[in-house]
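Structure first, commentary second.
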Amino acid sequence: MNFTLNVLGTASALPTTERNPSAQVLDVHGRLFLIDCGEGTQMRLRKAGISFLKIEHVCLSHIHGDHVFGIFGLLSTMGMLGRSAGLSIYGPKAFGPILKFFLSYFGEGIKFEINFVPLEMKAPEIIYENKVMEVLSFPLRHRIETYGFLFREKVPPLNVSKEAIAKFRFTLGEIGALKRGEDIIRPAGSDTAASVENGFVPRSGTDRPLVIRNQDVTYRPFVPRSYAYCSDTAPFPELAEWVRGVTLLYHEATFPSEMSEMAEKTFHSTTLQAAECAQKAGAGRLIVGHYSSRFPDVSFFLDQIRPIFPNAALAHDGDRFELDIIK
């Protein structure tokens, strides 16, 4: 049950020799989500060993070039590779006419279905879900219409401990009830001696029905994991609440703290603002990216972030972040 983030690009508007424009691939239980697709994403996918044809969903935050210029070449390459499976693209409604224009001139070799899903929400909404996970989108605060994305596993069903099954000889019906979160109530005199011996006491004496509490014999197999992508955005109070408790938070930190005026002018965030968002959200871990090209070396960004939010890291092109299962 892998939950892996592949960082392909960490530059802002201007790429550098060390950093490519924004792009990431999130692998959740084998399903691949491409998040933004800046110029050069195809080459970064190749270098990371990620199959173009296994990408099922593309999430575009906004239509600034450093986040979308790579999608056109990628779609063309998918066509040349003979892709037949459909592809869903989620993005601002303004991307719809752009996609239509591209396909009208360059779509001859694209035989697979492209399902464009326009984003228009004012608060977090589910845009995709399957049996094990769901994807939500929410508005960010940038110069143009921009959205963030939250990917999270669903709460797994309860498991019944093997020891309890052996001790209480649960029927299939009882196991099903326990997995639904129900207690088991057995009539008086039904195997109460073994039950009492193992610590499960009837309500009042052994002549009363035996109650086996759900919480005593079941467990969650793991704690659901989650990932939030927040780029590009100026700070705003609702964001921390929308991503509250997220396991891993990616938040842009285009500028260091001393460039707060520039950040405000361009509707971006500083290192301190990213750290404060993670702190308020109670995030498990923070990674930052979307660095200004003014700074070939951004190692000092961590010196500004960690006093506020210690469990933080700088994202670099080619990084992989594994979200481990917590039982």
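In the numbering used here, the protein residues as written are 564 to 890. The beta-carbon is built from N, C-alpha and C at its ideal position, and this holds for glycine as well.
6 Å Cβ shell around residue i - same chain, five flanking residues per side excluded
| i | result |
| --- | --- |
| I892 | What is shown of the chain runs 564 to 890, which leaves residue 892 out entirely. |
| F712 | C622, S700, Y792 |
| V759 | With a pLDDT of only 48 at V759, under the threshold of 50, the placement of this residue in the model should not be trusted, and no figure is reported. |
Distance between residue j and residue i (C-alpha atoms, nearest Å)
| i | j | result |
| --- | --- | --- |
| I677 | E737 | 46 Å |
| G645 | K674 | 8 Å |
| I888 | Y813 | 19 Å |
| T734 | K890 | 26 Å |
| I634 | K725 | 49 Å |
| D882 | F669 | 33 Å |
| I728 | M696 | 29 Å |
| R607 | A797 | 28 Å |
| F658 | F679 | 9 Å |
| L650 | E671 | 16 Å |
| K543 | G739 | Here the chain comprises residues numbered 564 to 890, so residue 543 is not present and cannot be evaluated. |
Coarse secondary structure for residue i, derived from DSSP in three states
| i | result |
| --- | --- |
| T573 | coil |
| L608 | helix |
| G881 | coil |
| I598 | strand |
| P660 | helix |
| I689 | strand |
| V786 | strand |
| T580 | coil |
Buried versus exposed call for residue i [16 or more other C-beta atoms within 10 Å across all chains shown]
| i | result |
| --- | --- |
| N864 | Looking at the sequence provided, one finds Phe at residue 864 rather than Asn. So F864 counts as buried. |
| F566 | buried |
| E683 | exposed |
| N569 | buried |
| M564 | exposed |
| A837 | buried |
| E716 | buried |
| R582 | buried |
| A686 | exposed |
For residue i, the residue or residues it bridges with in DSSP
| i | result |
| --- | --- |
| S651 | H620, N678 |
| A875 | L849 |
| F818 | T833 |
| R749 | L773 |
| M696 | E716 |
| T548 | The displayed coordinates of the chain run from 564 to 890. Any statement about residue 548 would go beyond what the structure contains. |
| Y668 | DSSP lists no partner for Y668. |
Spatial neighbours of residue i in its chain, beta-carbon cut-off 8 Å, leaving aside the 5 residues before and after
| i | result |
| --- | --- |
| V718 | R783, P787 |
| G593 | N565 |
Other residues of its chain near residue i: CB distance less than 7 Å, five sequence neighbours each side excluded
| i | result |
| --- | --- |
| K843 | A803 |
| S575 | D629, T817, H853, Y854, S855, S856 |
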